[in-house]
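Okay, so here's the structure we're looking at.
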Amino acid sequence: MGKLDVHWVREQFPALKQTVNGQPAVFLDGPAGTQVPRQVIAAIVNYLETSNANIYGAFATSRCSDAMLVEAHRAMADFLGCDADEIHFGPNMTTLTFALARAIGRELKAGDEIVVTTLDHDANVAPWRALEERGVVVRQADIRVEDCTLNLDDLRAKINSRSRVVAAGYASNAVGTINPAAEIVRLAHAAGALAFVDAVHYAPHGAIDVRALDCDFLACSPYKFFGPHTGVMYGKREHLLKFRAYKVRPAPDKLPDKWEVGTLMHESIAGVLATVDYLAELGRRYEPHTKTRREELLAAYRAISEQEHALAAQMLEGFAQIRGLKVYGITEKARLAERVPTFGMRLAGKSPLACAEFLGERGIFTWDGNNFALNLTERLGVEESGGLLRIGAVHYNTPEEIERMLAALRTFAEM
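Just so you know, we're using this note's numbering here: the sequence shown kicks off at -9 and counts up by one.
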């Protein structure tokens, strides 16, 4: 086992060479979407140049598209630890979740219940709340405000014999909390409910094993883990076959076609395949003895975890030294394993937008607002005053970039 070669990593990402106002750009905006390696860009261009066709045609470019899609399903199956026909692609996680919720809703009746959480992105709340139109009752599990962790006691109280779905995130996109996903799935199944996991924000930071989680459905978005804008959903085969998808009549009923409605974004999916291969290459460089793509991906996430753990510790130490800065969520270094390096915060006397603008002028990219975690910003009482400043690191970030960000925040705090 070696050490993550951050120089090699950064060389793979052309966007990291940009400058703003004469200063190197610092991409700490990853929680809303990461940059992509050159392999991904090349794969998208190559598809459009050589294979741009719809599927199932009796000619060369169509058959190339067919083969690419088969391999992309296999790649994402290796990424999530499942079978290729349990993977389906779509425009984004939000659209896929609305489609699945609508299909599940066909089987529900008035009085059935769904449990969501206060910690989640609204893409894992609004699709389920839409079923209230059918008389479905949606219950919302609360958080522990002091550290922005899911209140498991409240979750247990919300789940009962009428629960049909429990929908929860793997990690918070706003404050970085990692949920105990396996325990949430266990609680759902104990009540006879389906478990849906939104892994969009966890996927850039940690390996996912849907078999070990035993979740029924899981969604992620490759643009969050160094790929193009598209969505991926896993579903247990028996559920994908059981529920009736909303689709056009000529579309096949076999998997995965049944759930891949309309013409897919083939060029983006070619990019997803290249994204998985980039991570696999990273894993091979970190642990050369790996033999399968799945082993390579697990090695990659061990390397990523090591790098991000150090960055998160540096960030927490630096934030603690900035006067008037409040970090929401887990702040103890001893609990770094319970969070990803995404931090939501507020600076006394400064709006999140003003902070983001100040940093942005200095080439440091961050986010402000509710970050679509509307339930959370409302619960924290910050929605009406601009939400949170969100700063998030991924494995291509460096200690030098973190220090630049911290120095700029210190300067702004003292102004």
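Glycine included, every Cβ here is placed at the ideal spot set by N, Cα and C.
Nearest candidate by alpha-carbon position, reference residue i, set the options
i	options	result
R129	M58, A120, V135 and E136	A120
V266	G71, L90, A235 and P278	G71
T321	L203, N360 and T139	T139
D206	N36, H179, R369 and D243	H179
V26	F49, A346 and V(-1)	V(-1)
D199	I31, A346, A43 and D73	D73
F233	T84, G95 and I34	G95
R369	S295, V317 and T108	T108
F333	A57, Y386 and N163	N163
K226	R239, F216 and W249	W249
V384	A157, F215, D110 and A197	F215
P466	E97, M58, A289 and H256	For the chain, the structure presents residues -9 to 405; residue 466 sits outside this window and is missing.
G196	L269, D137 and D132	L269
A91	M305, V187 and L337	V187
T367	L203, N150, A172 and D132	D132
S52	E374, T253, F348 and R336	T253
Residue i to residue j span [Cα, whole Å]
i	j	result
G376	S211	26 Å
H229	L184	10 Å
V16	A241	45 Å
L287	K(-7)	15 Å
N82	L18	22 Å
P342	A310	18 Å
D75	L208	14 Å
T401	R394	11 Å
D102	L379	37 Å
L301	D144	32 Å
V106	V262	29 Å
A158	L396	32 Å
N361	A113	11 Å
D204	E390	40 Å
Y291	Y37	28 Å
Helix, strand or coil at residue i according to DSSP, with G and I counted as helix
i	result
T130	What sits at residue 130 in the sequence shown is Gln, not Thr. In this structure, Q130 counts as strand in the three-state DSSP scheme.
I94	helix
R154	strand
F49	coil
K(-7)	coil
I31	helix
K281	coil
Y386	coil
L140	strand
V16	strand
G334	strand
I149	coil
A420	This structure gives no information on residue 420, because the portion of the chain shown stretches from -9 to 405.
L378	strand
G359	strand
V26	coil
V(-1)	helix
Assumed close pair residue i, residue j - CB separation to whole angstroms, cut-off 8 Å
i	j	result
L86	M223	5 Å
S55	A43	5 Å
G308	I392	7 Å
I34	A260	6 Å
G20	G166	In fact, because the Cβ distance is near 11 Å, the residues do not count as touching under 8 Å.
I104	R154	6 Å
G23	Y213	5 Å
Q13	R352	6 Å
R406	T280	The displayed coordinates of the chain run from -9 to 405. Any statement about residue 406 would go beyond what the structure contains.
I168	E328	5 Å
- Message: Extract the residue ranges of the beta strand (DSSP E) inside the segment 304 to 332, only unbroken runs of 3 or more that lie entirely within it.
- Response: 315 to 318
- Message: If we require 4 or more residues per run, which alpha helix (DSSP H) segments fall completely within the segment 231 to 278?
- Response: 256 to 276
- Message: Suppose only complete runs of 3+ residues qualify. What are the beta strand (DSSP E) ranges in the segment 54 to 110, listed by chain order?
- Response: 77 to 80 and 103 to 107
- Sequence ranges, alpha helix (DSSP H) only - wholly within the segment 172 to 227, length at least 4: 200 to 203
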